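Engineer:
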Amino acid sequence: MNVLITGAAGFLGRQLVKALQKKNKTSPEKTTIIATDIKEQNPFTPDEHLKYVAIDVRSKDMGALMRKANVDIVVHLASIVTPGKKSNREFEYSVDVEGTKNVLEAAVRNGIKRIVVSSSGAAYGYHPDNPEWITENAPIRGNEAFAYSHHKRLVEEMLAEYRETHPQLEQVIFRIGTILGKEVDNQITNLFEKHFLIGIRGSDSPFVFIWDEDVVNCFMKAVFGGATGIYNVAGDGKVTIDEIAAMLNKKVIRFPAPFLKTALFVLKRLKLTQYGEEQLDFLRYRPVLDNKK
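See the structure below:
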């Protein structure tokens, strides 16, 4: 079987490649891994069953690559989770949304059997009327003010259209909670590394966590299993900001929502932070993923 991975040089992509390589060592049926990323330098150790291709997820050469490699399954991980300081909304949209469209079009043209997509709990959006526990049947309402959330919503709407127009392309979509692991470094883990944790008055700011190895195992099952559909990927239960602080032996300093919103607005305009006032709802109305499915 031939598996193409987009965003393979990212954190989750590297972990998935390692898992596939490990399986190849013990399985009589080998998987050819076509690891793709925009980074020019190959981050992987040499492997006869691994080919690294530096290619932009938006490139029109993606289809030719799928055809040449005789790809069976695509694992689409490429997206901008933590924007760089020089990033902008237009660029992020082009990668997240237009890049996904490019991959889907290439997959359909080349008769790809299955696509596995990393979505996020952020696709549900950060809203005051979110249910206490969000199931996969809940509407996708990613906030337009928050690029990552909005783009995940747009991507999922696109995937829904493809399920109608191209049912031959099997889909597995993972709406992933907050990933933790020894090497995880993102905007959420950065919050926990401060001297104190920020809280918002009137909100418990509940988080749902999932260990990185468990996420990779879900992708492995999607690649080698037969199930299709949409799945929340999260550990059991939820953890409030106060419970997180207690585990880390840190304090929570709570701010009134209007004060925090104004502070973030000013700090971003002064270029003292890359996060703006949209982060308020990100902390206040967190989607809590139900994992029973």
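Counting the sequence shown from 1 gives a position; the numbering used here is that position plus 288.
All C-beta atoms in this analysis are idealised placements derived from N, C-alpha and C, irrespective of residue type, glycine included.
As the structure is a prediction and not an experimental result, all values here were calculated from the model.
Please state if the CB of Ile428 and the CB of Glu445 are separated by a distance shorter than 8 Å.
Structural biologist: yes
Engineer: In angstroms, rounded to a whole number, what distance separates the CA positions of Lys470 and Gly387?
Structural biologist: 29 Å
Engineer: Using the beta-carbon count (16 or more within 10 Å), is Arg489 buried or exposed?
Structural biologist: exposed
Engineer: Compute the Euclidean distance between the alpha carbons of Ala366 and Met289, then round it to the nearest angstrom.
Structural biologist: Straight-line Cα distance between these residues: approximately 21 Å.
Engineer: When burial is assigned at 16 or more other CB atoms within 10 Å of the CB, is Ser518 buried or exposed?
Structural biologist: In the sequence on display, residue 518 carries Ile and not Ser. By the neighbour-count rule (16 or more Cβ atoms within 10 Å), Ile518 is buried.
Engineer: Can you name, in chain order, every residue of its own chain whose Cβ lies under 6 Å from the Cβ of Glu432, other than the five neighbours on each side?
Structural biologist: His438
Engineer: Classify Gln459: buried if its beta carbon has 16 or more other beta carbons within 10 angstroms, exposed otherwise.
Structural biologist: buried
Engineer: Looking at the secondary structure, which residues open and close the beta strand (DSSP E) in which Val498 lies?
Structural biologist: The identity of residue 498 in the sequence shown is Ile, whereas the question assumes Val. Looking at the DSSP string, the run of the beta strand (DSSP E) that includes Ile498 is 497-499.
Engineer: Three-state secondary structure (DSSP) at Leu457?
Structural biologist: It is coil, neither helix nor strand.
Engineer: Taking 8 Å as the threshold (C-beta atoms), are Phe495 and Lys523 in contact?
Structural biologist: Checking the displayed sequence, the identity of residue 523 turns out to be Gly instead of Lys. Going by C-beta atoms, Gly523 is not nearer than 8 Å to Phe495.
Engineer: Short check: CB of Tyr573 to CB of Pro416, under 8 Å?
Structural biologist: yes
Engineer: Could you check whether Phe570 and Phe484 sit closer than 8 Å to each other, using their CB atoms as the reference points?
Structural biologist: no
Engineer: Which residues bound the beta strand (DSSP E) around Ala342?
Structural biologist: 338-342
Engineer: Would you report the Cα separation of Tyr450 and Val341, rounded to the nearest angstrom?
Structural biologist: 26 Å
Engineer: Going along the chain, which unbroken runs of the beta strand (DSSP E) with 3 or more residues stay wholly within the stretch 296-339?
Structural biologist: If we require 3 residues or more, the beta strand (DSSP E) runs fully inside the stretch 296-339 come out as 320-325.
Engineer: Can you give the Cα-Cα distance for Ala551 and Gln567, rounded to whole angstroms?
Structural biologist: 11 Å
Engineer: Is Arg397 buried or exposed, if buried means 16 or more other CB atoms sit within 10 Å of its CB?
Structural biologist: exposed
Engineer: Where are the alpha helix (DSSP H) runs, 4 residues long or more, that stay fully inside the stretch 440-496, in chain order?
Structural biologist: Complete alpha helix (DSSP H) runs here, min 4: 475-480.
Engineer: With DSSP collapsed to three states, give me the class of Leu577.
Structural biologist: Here Leu577 sits in strand by DSSP.
Engineer: For Ile422, name the three-state secondary structure that DSSP assigns.
Structural biologist: Ile422: strand per DSSP, three-state reduction.
Engineer: How long is the line joining the alpha carbons of Ser382 and Leu292, rounded to whole angstroms?
Structural biologist: 20 Å
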